[in-house]
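In our numbering, the protein residues as written are 48 to 209. Glycine included, each C-beta is placed from N, C-alpha and C at the ideal position. This report refers to the structure that appears directly beneath it.
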Amino acid sequence: MAQIYISLGSNVDKEHYIRQALIALKAHLVEFEHSSVFESEAVGFAGNNFYNSVIGAQTQIPLPQLCQLLKQIERENGRTNNDKKFSPRTLDLDLLFYDDVVCDSPAQLPRDEITKNAFVLQPLAEIAPDFYHPTAKQTIAQLWNTYNNPKQKLWKVEFTNP
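As structure tokens, then:
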């Protein structure tokens, strides 16, 4: 079983799409853990605030098929291949870690935005503080404790898991 972490984000009908993602992911993964849900301002474009969270789980799904599954769940929830990188989105599912795999294909692992964005790092630190980042050579808690980007503000929101 591989230990995986996936970030979830939405700024269109946020609560609905985060909930739909959790339902879909729970159908395919085991040992499922969900962080708090955080709200943050859009980064890189002017848009509605995002809801972000991270799930940790275990899976026997091979990496290429897991990447396909995440894209399929996004498409089933309104994402299209034409969506621009910095634009509103119904659902964004990004694989952050697949065990300690380091690669660029079929996904960038570990995902670069882990160390750059509070909306990824804070929820990840909440559920995986002792997970060791294989390229940063620090635990997630250490990365969060030294994170410093005052422009990125986020706050917890009330959210009931499905």
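Based on Cα-Cα distance, which residue from Y52, T193, M48 lies nearest to I102? Reading the sequence shown from its first residue, position 55 is the one you call residue 102. It is Y52 whose Cα lies nearest to the Cα of I102.
Next item on the list: Consult DSSP for K203 and reduce its assignment to one of helix, strand or coil.
Entry: Along the sequence shown, one-based indexing puts residue 203 at 156. Reduced to three states, the DSSP call for K203 is strand.
- Message: Just list the residues that DSSP pairs E86 with in beta bridges.
- Response: On the sequence shown, residue 86 is found 39 positions in, with the first residue counted as 1. Per DSSP, Y98, W202.
- Task: To the nearest angstrom, report how far apart K61 and L201 are at their CA atoms.
- Result: Position 14 of the sequence shown, counted from the first residue, corresponds to residue 61. Position 154 of the sequence shown, counted from the first residue, corresponds to residue 201. Cα to Cα, the separation comes out at about 15 Å.
*asked:* Tell me which residue opens and which closes the alpha helix (DSSP H) that L140 is part of.
replied: For the purposes of this step, residue 140 is taken as residue 93 along the sequence shown, with counting starting at 1. Element bounds for L140: not the alpha helix (DSSP H) but the beta strand (DSSP E), 139-145.
Please tell me whether S83 and F97 are closer than 8 Å, where the distance is taken between their beta carbons. Numbered from its first residue, the sequence shown carries residue 83 at position 36. Numbered from its first residue, the sequence shown carries residue 97 at position 50. No, they are not a contact pair.
Q: Inspect the beta-carbon positions of P170 and S100 and report whether they are closer than 8 Å.
A: As a first step, residue 170 is located in the sequence shown; it is residue number 123 there, counting from the start. As a first step, residue 100 is located in the sequence shown; it is residue number 53 there, counting from the start. Cβ distance < 8 Å, so P170 and S100 count as in contact.
Compare the beta carbon distance of T106 and A49 with 8 Å and say whether it is the shorter of the two.
Against the sequence shown, residue 106 aligns to sequence position 59. Against the sequence shown, residue 49 aligns to sequence position 2. Contact: yes.
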